[in-house]
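Enquirer: Handing you a structure now.
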Amino acid sequence: MFDKILVPVDGSEAAWRALDYACALGKQFHSRISIVHVVQAHYTLPTIGINGEVPFLSINIEEVETTGYKIIELAKERMAEYPNFEATLEFGHPAERVLSLVKNDSYDLIVIGSRGLSGISEFFLGSISANVSQYSPIPVMIVK
83 MFDKILVPVD GSEAAWRALD YACALGKQFH SRISIVHVVQ AHYTLPTIGI NGEVPFLSIN
143 IEEVETTGYK IIELAKERMA EYPNFEATLE FGHPAERVLS LVKNDSYDLI VIGSRGLSGI
203 SEFFLGSISA NVSQYSPIPV MIVK
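Be aware that the sequence shown starts at 83, since it is given in our numbering, and climbs by one per residue.
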(Lines of atoms letter the chains of each structure in order from A and count residues from 1; the text may use other names and numbers.)
(Lines give C-alpha, C1' and ligand atoms only; values in the text may rest on other atoms or scores of the structure.)
Protein backbone atom coordinates (compact mmCIF):
# COMPACT_ATOMS: atom_id res chain seq x y z
CA MET A 1 0.00 0.00 0.00
CA PHE A 2 2.79 2.45 0.89
CA ASP A 3 5.80 1.66 -1.30
CA LYS A 4 7.45 5.07 -0.82
CA ILE A 5 7.00 7.34 2.18
CA LEU A 6 8.30 10.91 2.33
CA VAL A 7 9.20 12.30 5.76
CA PRO A 8 10.20 15.97 6.07
CA VAL A 9 12.28 16.61 9.20
CA ASP A 10 13.40 19.85 10.81
CA GLY A 11 14.90 18.65 14.09
CA SER A 12 11.73 19.24 16.12
CA GLU A 13 10.23 16.63 18.44
CA ALA A 14 7.15 16.40 16.21
CA ALA A 15 9.35 15.64 13.20
CA TRP A 16 11.16 12.84 15.07
CA ARG A 17 7.81 11.38 16.14
CA ALA A 18 6.69 11.53 12.50
CA LEU A 19 9.83 9.64 11.51
CA ASP A 20 9.07 7.00 14.15
CA TYR A 21 5.54 6.60 12.77
CA ALA A 22 6.88 6.36 9.23
CA CYS A 23 9.27 3.61 10.33
CA ALA A 24 6.47 1.65 11.97
CA LEU A 25 4.37 1.92 8.81
CA GLY A 26 7.37 1.23 6.63
CA LYS A 27 8.17 -1.99 8.46
CA GLN A 28 4.61 -3.15 8.03
CA PHE A 29 4.51 -2.42 4.30
CA HIS A 30 8.23 -2.88 3.46
CA SER A 31 8.35 0.74 2.30
CA ARG A 32 11.25 2.84 1.13
CA ILE A 33 11.46 5.93 3.35
CA SER A 34 12.78 9.20 1.97
CA ILE A 35 13.80 11.72 4.60
CA VAL A 36 14.20 15.34 3.56
CA HIS A 37 15.32 18.45 5.38
CA VAL A 38 14.66 21.72 3.59
CA VAL A 39 17.04 24.63 4.14
CA GLN A 40 15.42 28.02 3.79
CA ALA A 41 17.90 30.81 2.99
CA HIS A 42 15.74 33.63 4.34
CA TYR A 43 12.55 34.20 6.25
CA THR A 44 9.89 36.67 5.19
CA LEU A 45 8.65 38.73 8.09
CA PRO A 46 4.86 38.94 8.47
CA THR A 47 4.74 42.72 7.95
CA ILE A 48 4.74 45.15 5.06
CA GLY A 49 7.61 47.60 4.93
CA ILE A 50 7.97 51.04 3.40
CA ASN A 51 6.64 51.28 -0.16
CA GLY A 52 4.71 48.01 0.29
CA GLU A 53 7.84 45.86 0.21
CA VAL A 54 7.95 42.68 2.24
CA PRO A 55 11.10 42.75 4.39
CA PHE A 56 13.12 39.61 4.90
CA LEU A 57 15.70 38.50 7.38
CA SER A 58 18.86 37.16 5.77
CA ILE A 59 20.49 34.23 7.45
CA ASN A 60 24.03 33.00 7.01
CA ILE A 61 23.36 30.20 4.51
CA GLU A 62 26.53 28.31 5.45
CA GLU A 63 25.40 28.05 9.07
CA VAL A 64 21.89 26.99 8.09
CA GLU A 65 23.27 24.43 5.64
CA THR A 66 25.64 23.03 8.29
CA THR A 67 22.72 22.71 10.70
CA GLY A 68 20.72 21.02 7.95
CA TYR A 69 23.41 18.40 7.44
CA LYS A 70 23.48 17.78 11.20
CA ILE A 71 19.74 17.17 11.16
CA ILE A 72 20.18 14.73 8.26
CA GLU A 73 22.89 12.90 10.23
CA LEU A 74 20.60 12.67 13.27
CA ALA A 75 17.88 11.24 11.04
CA LYS A 76 20.31 8.66 9.64
CA GLU A 77 21.28 7.64 13.18
CA ARG A 78 17.61 7.16 14.04
CA MET A 79 17.22 4.98 10.94
CA ALA A 80 20.19 2.70 11.73
CA GLU A 81 17.89 -0.31 12.17
CA TYR A 82 15.75 0.47 9.09
CA PRO A 83 16.99 -1.26 5.93
CA ASN A 84 15.60 0.86 3.10
CA PHE A 85 15.87 4.65 3.34
CA GLU A 86 17.53 7.73 1.89
CA ALA A 87 18.10 11.15 3.41
CA THR A 88 18.64 14.36 1.46
CA LEU A 89 19.02 18.08 1.97
CA GLU A 90 16.96 20.41 -0.22
CA PHE A 91 16.89 24.20 -0.55
CA GLY A 92 13.81 26.43 -0.74
CA HIS A 93 10.54 26.95 1.08
CA PRO A 94 9.77 23.75 3.04
CA ALA A 95 6.14 23.26 1.98
CA GLU A 96 6.87 24.10 -1.66
CA ARG A 97 9.87 21.76 -1.82
CA VAL A 98 7.96 18.88 -0.21
CA LEU A 99 5.08 19.33 -2.66
CA SER A 100 7.53 19.54 -5.56
CA LEU A 101 9.19 16.29 -4.50
CA VAL A 102 5.79 14.60 -4.36
CA LYS A 103 4.89 15.95 -7.79
CA ASN A 104 8.16 14.72 -9.35
CA ASP A 105 8.35 11.28 -7.72
CA SER A 106 6.03 8.41 -6.98
CA TYR A 107 5.43 8.76 -3.24
CA ASP A 108 2.40 7.11 -1.67
CA LEU A 109 2.34 8.96 1.66
CA ILE A 110 3.79 11.98 3.45
CA VAL A 111 4.32 11.65 7.20
CA ILE A 112 4.99 15.07 8.76
CA GLY A 113 5.15 16.57 12.24
CA SER A 114 2.34 18.88 13.27
CA ARG A 115 4.54 21.74 14.47
CA GLY A 116 8.10 22.42 13.53
CA LEU A 117 10.76 24.96 14.31
CA SER A 118 9.79 27.69 11.85
CA GLY A 119 8.66 30.11 14.54
CA ILE A 120 6.56 33.25 14.21
CA SER A 121 6.25 33.19 10.43
CA GLU A 122 4.42 29.86 10.84
CA PHE A 123 1.89 31.54 13.13
CA PHE A 124 1.06 34.23 10.58
CA LEU A 125 1.43 32.33 7.32
CA GLY A 126 0.08 28.91 8.29
CA SER A 127 2.07 25.88 9.27
CA ILE A 128 4.09 23.87 6.83
CA SER A 129 2.15 20.72 7.69
CA ALA A 130 -1.15 22.52 7.02
CA ASN A 131 0.05 23.75 3.63
CA VAL A 132 1.39 20.33 2.68
CA SER A 133 -1.82 18.57 3.70
CA GLN A 134 -4.01 21.11 1.92
CA TYR A 135 -2.20 20.95 -1.42
CA SER A 136 -0.81 17.42 -1.51
CA PRO A 137 -2.17 15.09 -4.19
CA ILE A 138 -1.37 12.09 -1.95
CA PRO A 139 -2.38 11.19 1.61
CA VAL A 140 -0.69 13.10 4.43
CA MET A 141 -0.35 11.82 7.98
CA ILE A 142 0.22 14.64 10.48
CA VAL A 143 1.82 13.44 13.69
CA LYS A 144 1.41 15.42 16.93
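Think of the CB as a built atom: it goes at the ideal place given N, C-alpha and C, for glycine as much as any other residue.
Check for me: the beta strand (DSSP E) holding V91 runs from which residue to which?
Expert: No beta strand (DSSP E) contains V91, which DSSP labels as neither H nor E.
Enquirer: Give me the DSSP bridge partner(s) of S116.
Expert: Among the bridge pairs identified by DSSP, S116 is matched with L88 and E168.
Enquirer: Measure the C-alpha to C-alpha separation of L171 and D187 and round it to an integer number of angstroms.
Expert: Going by the C-alpha atoms only, they are around 16 Å apart.
Enquirer: Contact between the region 140 to 159 and the region 174 to 190: three or more CB pairs below 8 Å?
Expert: no
Enquirer: If the criterion is Cβ atoms closer than 8 Å, does the pair I220 and I194 meet it?
Expert: no
Enquirer: Rounded to a whole number of angstroms, what is the C-alpha to C-alpha distance between E178 and E163?
Expert: 30 Å
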